[in-house]
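As structure tokens, the structure follows; a few thoughts come after it.
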Amino acid sequence: MTTLHPTDDDDNMPPVELFHGRNIRKQNPQNWLRTLEANKFKHDSDDNTRLYTFSKHLEYNSKADTWFRDELIATQKDTWAKLVTEFNRKWPAVAKVEPTKAELQQKLLEVKLKDEEVGLKVGDDEDDQVWSHVDWAQRYPFAPYSPTTSPPGPDSATEYATSR
Numbered sequence: 003m004t005t006l007h008p009t010d011d012d013d014n015m016p017p018v019e020l021f022h023g024r025n026i027r028k029q030n031p032q033n034w035l036r037t038l039e040a041n042k043f044k045h046d047s048d049d050n051t052r053l054y055t056f057s058k059h060l061e062y063n064s065k066a067d068t069w070f071r072d073e074l075i076a077t078q079k080d081t082w083a084k085l086v087t088e089f090n091r092k093w094p095a096v097a098k099v100e101p102t103k104a105e106l107q108q109k110l111l112e113v114k115l116k117d118e119e120v121g122l123k124v125g126d127d128e129d130d131q132v133w134s135h136v137d138w139a140q141r142y143p144f145a146p147y148s149p150t151t152s153p154p155g156p157d158s159a160t161e162y163a164t165s166r
């Protein structure tokens, strides 16, 4: 691999935290890789520059550093595309947790405009004020019933919440 030296442009680039490869709740691997690419690479950066920069953004002796130095063979990290493939294999995208059916039902049942709140003006100042039912409808566009009426019944609300 060619030895690369920082350029004057590196001073203008924001810092990127070192990747350690553990505790994905604190450091999402895919977000880290995107941040590295966005902040340390130019659109025309060659593979050698990308590989070198990647290696220098791994926390020393961390799980990620050990993986890069000891677990990957040379042909798995001789191009940027191959390294990204191996990185994604080792640290796949973190699956987003979707709310359960019961959580959706509960959330929907909690969304109700009280009769005494109908017809009030809401907003921080006069230019920002709207009617409470309009504000409610904008905040809860998924509600299956009119803001001035009660839901047609728990079965309809449940059915709507789980069909989304």
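Taking the numbering used here, the leading residue of the sequence shown gets 3, the next gets one more, and so forth. Note that the Cβ used here is the ideal one computed from N, Cα and C, for glycine as well. Please read all numbers here as calculations on a predicted model, not as lab measurements.
Below 7 angstroms CB to CB, which residues in the same chain sit around residue i once its five sequence neighbours on both sides are set aside?
i	result
Tyr142	Val113
Going by CA-CA distance only, name the one from the options that's closest to residue i.
i	options	result
Val132	Lys123, Lys84, Phe56	Lys123
Val18	Gln29, Asn25, Arg24	Gln29
Lys116	Ala139, Glu128, Leu106	Ala139
Does the Cβ-Cβ distance between residue i and residue j come in under 9 angstroms?
i	j	result
Thr55	Leu38	yes
Arg24	Lys65	yes
Trp69	Lys84	no
Leu53	Thr77	no
To the nearest angstrom, how far is the alpha carbon of residue i from that of residue j?
i	j	result
Gln32	Asn41	14 angstroms
Ala104	Leu110	10 angstroms
Met15	Asp129	41 angstroms
Asn63	Val86	20 angstroms
Asp49	Gly125	54 angstroms
Leu60	Trp34	11 angstroms
Spatial neighbours of residue i within its chain, please: C-beta separation below 8 angstroms, excluding the five flanking residues on both sides.
i	result
Ser148	Bear in mind that the predicted position of Ser148 carries a pLDDT of just 49, short of 50, making it too unreliable to give a figure here.
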